[in-house]
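Undergrad: Quick one: structure below, then a few questions.
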Amino acid sequence: MLDARCAIMSNMKKQTSNWPPSRLSQKTKTRLMEIYDRLYRHFGDRKWWPAKTREEIVIGAILVQNVSWANTTKAIQALEDRGLLSFRALDAADTALLEDCLIPTRFYRMKAQKLKAFSGHLKNRYGFDLDAMLEQPEDTLRSELLSIHGIGPETADDIVLYAAAKPSFVIDAYTRRIFHRLGMTPENPGYEAMRSWFMQHLPRDVSLYNQYHALIDALGNRVCRQSRPDCANCPLLELCLHGNRHLPESRRP
DNA sequence: CTCCTGCAAC
DNA sequence: GTTGCAGGAG
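Per the numbering used here, numbering of the first sequence is gapless, rising by one per residue and ending at 285.
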């Protein structure tokens, strides 16, 4: 067990406030890299973001909220077919037409508004020059993104990491689930706390963050599912509290 | 607690 | 066929 306190924290009802601990843990650093290595050996190179342009990455980051990639792809295709795959076009687009393209992405009305909000922001501050926005230092960029309607912490980090290629570790539901099951993080760490925890214990490296998040995505998607997780085929089984919960206390990781 | 569809599981 | 779940932002 990395830390007996994690198990106690897991059972706490709501928000965990005094986490992560202020002191860095060498053990955590080592364990995080071991997990990375195992995932890499199991899944291979997963570094990704399937998009042709930076604009497409940003649009995709907004549209993929709460939806599978398959559905997001349908919407991106629909936008492309109508010549709407740019913020200049989105800004001028008819809302009803835009909504039609976004139906496969679930909350299509809200997402149409979100794309409009982003295009409006880009137009007003940068005259649609996305590169100008993205070339800012990562912290400035991140706060600015968070101020835009429809951009929450995860989407902001997607954009910082994948569109701007600057170091910001992305936390998603898979990350929370996997590391809680491993017994390394509390059930409700809070987004910022979890992000700091990763960033403090990993080298500040864009490629590593990119690859790590992609590997977590692969595991969460196919193996460490919410219901009926496929523990038998998990490359992290030996390290996992959840996968080994049937073992006697003394033999758990 | 609301936005909301798509697809797997029954 | 119907149901139930995926899980981000406000």
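A virtual CB, placed ideally from N, CA and C, is assigned to each residue, including glycine.
Do I89 and Y194 have their C-beta atoms within less than 8 Å of each other?
TA: Numbered from 1 along the first sequence, position 57 holds the residue referred to as residue 89. Numbered from 1 along the first sequence, position 162 holds the residue referred to as residue 194. Taking 8 Å as the Cβ cut-off, I89 and Y194 qualify as a contacting pair.
Undergrad: Enumerated in chain order, which unbroken segments of the alpha helix (DSSP H) with a length of 4 residues or greater are wholly contained in the region 209 to 264?
TA: 223 to 233, 238 to 254
Undergrad: Which runs of the beta strand (DSSP E), 3 residues or longer, sit entirely within the region 90 to 173?
TA: none
Undergrad: Hey, would you say L273 sits closer than 8 Å to R227, going by beta carbons?
TA: On the first sequence, residue 273 is found 241 positions in, with the first residue counted as 1. On the first sequence, residue 227 is found 195 positions in, with the first residue counted as 1. No, these two residues do not count as a Cβ contact at 8 Å.
Undergrad: Leaving out five residues before and five after M41 in sequence, what residues of the same chain have Cβ atoms less than 6 Å from its Cβ?
TA: As a first step, residue 41 must be located in the first sequence, where it is residue number 9. Residue placement at M41 cannot be trusted, given a pLDDT of 42 that sits under 50; what the coordinates show is reported in the next sentence. Within the same chain, M41 has close Cβ partners T48, P218.
Undergrad: Measure from the alpha carbon of N98 to the alpha carbon of each residue in A121, Y206, A264, H74, then state which is nearest.
TA: Numbered from its first residue, the first sequence carries residue 98 at position 66. Taking only the C-alpha atoms, the option nearest N98 is Y206.
Undergrad: Does W80 pass the burial test, meaning 16 or more other C-beta atoms within 10 Å, or should it be called exposed?
TA: For the purposes of this step, residue 80 is taken as the residue at position 48 of the first sequence. W80 comes out exposed.
Undergrad: Tell me whether the beta-carbon of R63 lies closer than 8 Å to the beta-carbon of Q243.
TA: Looking up residue 63 in the first sequence gives position 31. Looking up residue 243 in the first sequence gives position 211. Result no, Cβ atoms of R63 and Q243 do not sit closer than 8 Å.
Undergrad: Quick check: K155 and D123, are their CB atoms within less than 8 Å of each other?
TA: Position 123 of the first sequence, counted from the start, is the residue given in the question as residue 155. Position 91 of the first sequence, counted from the start, is the residue given in the question as residue 123. Yes, Cβ-Cβ distance for K155 and D123 is below 8 Å.
Undergrad: Pick out whichever of D237, Y223, D163, T60 has its Cα sitting closest to the Cα of G184.
TA: Here residue 184 is taken as the residue at index 152 of the first sequence, counted from 1. Residue Y223 holds the alpha-carbon nearest to the alpha-carbon of G184 among D237, Y223, D163, T60.
Undergrad: Below 8 Å on the Cβ atoms is my guess for C256 versus I210; work out the distance and round it to an integer in Å.
TA: To locate residue 256, count along the first sequence from 1; it is residue 224. To locate residue 210, count along the first sequence from 1; it is residue 178. Yes, C256 and I210 are in contact; Cβ-Cβ is about 5 Å, under 8 Å.
Undergrad: Roughly how many whole angstroms lie between the Cα atoms of A197 and E281?
TA: Mapped onto the first sequence, residue 197 falls at position 165. Mapped onto the first sequence, residue 281 falls at position 249. Approximately 43 Å between the Cα atoms of the pair.
Undergrad: Give the DSSP-derived three-state secondary structure of S179 in the structure shown.
TA: Within the first sequence, numbered from 1, the residue matching residue 179 stands at position 147. DSSP places S179 outside both helix and strand once states are collapsed to three, so it counts as coil.
Undergrad: Using a Cβ-Cβ cut-off of 8 Å (strictly less than) and excluding sequence neighbours within five positions of I135, which residues of its own chain qualify?
TA: One-based indexing of the first sequence puts residue 135 at position 103. Answer for I135: A107, listed in chain order.
Undergrad: Do you know offhand how far A39's Cα is from R277's?
TA: Working through the first sequence from its first residue, we reach residue 39 at position 7. Working through the first sequence from its first residue, we reach residue 277 at position 245. Interpretation of A39 is limited by its pLDDT of 42, a score under 50 that renders its predicted location unreliable; the figure taken from the coordinates is listed afterwards. The straight-line gap from Cα to Cα measures roughly 12 Å.
Undergrad: Cβ of R3 within 8 Å of Cβ of F160?
TA: Only positions 33 to 285 of the chain appear in this structure, which leaves residue 3 out of reach.
Undergrad: Distance, Cα to Cα, L271 vs D249?
TA: By one-based count along the first sequence, residue 271 stands at place 239. By one-based count along the first sequence, residue 249 stands at place 217. Between L271 and D249, the C-alpha separation is close to 18 Å.
Undergrad: Helix, strand or coil for P185? Go by DSSP, reduced to three states.
TA: Within the first sequence, residue 185 is the residue found at index 153, counting from 1. DSSP places P185 in helix when its eight states are reduced to three.
Undergrad: How is the alpha helix (DSSP H) around N75 delimited, first residue to last?
TA: Start at 1 with the first residue of the first sequence, and residue 75 comes out as number 43. Per the sequence presented here, residue 75 reads as Phe, with Asn not at that position. That run of the alpha helix (DSSP H) goes 58 to 75.
Undergrad: Cβ atoms of G182 and Q145: under 8 Å apart, would you say?
TA: Here the question's residue 145 lines up with position 113 in the first sequence. Here the question's residue 182 lines up with position 150 in the first sequence. In contact: Q145 and G182 (Cβ atoms closer than 8 Å).
Undergrad: One question on the structure: do S179 and V192 come within less than 8 Å of each other, judged by their Cβ atoms?
TA: Here the question's residue 179 lines up with position 147 in the first sequence. Here the question's residue 192 lines up with position 160 in the first sequence. Not in contact: S179 and V192 (Cβ atoms no closer than 8 Å).
Undergrad: With a threshold of 8 Å on Cβ separation, who are the neighbours of I94 within its own chain once the five nearest residues in sequence on each side are excluded?
TA: What you label residue 94 is simply residue 62 of the first sequence in a count that begins at 1. Cβ neighbours of I94 beyond the five flanking positions: K143, K146, L147, F150, G182, I183, T187.
Undergrad: Determine whether the beta carbon atoms of R86 and L173 lie at a separation below 8 Å.
TA: In the first sequence, counting from the first residue as 1, residue 86 sits at position 54. In the first sequence, counting from the first residue as 1, residue 173 sits at position 141. Going by C-beta atoms, R86 is not nearer than 8 Å to L173.
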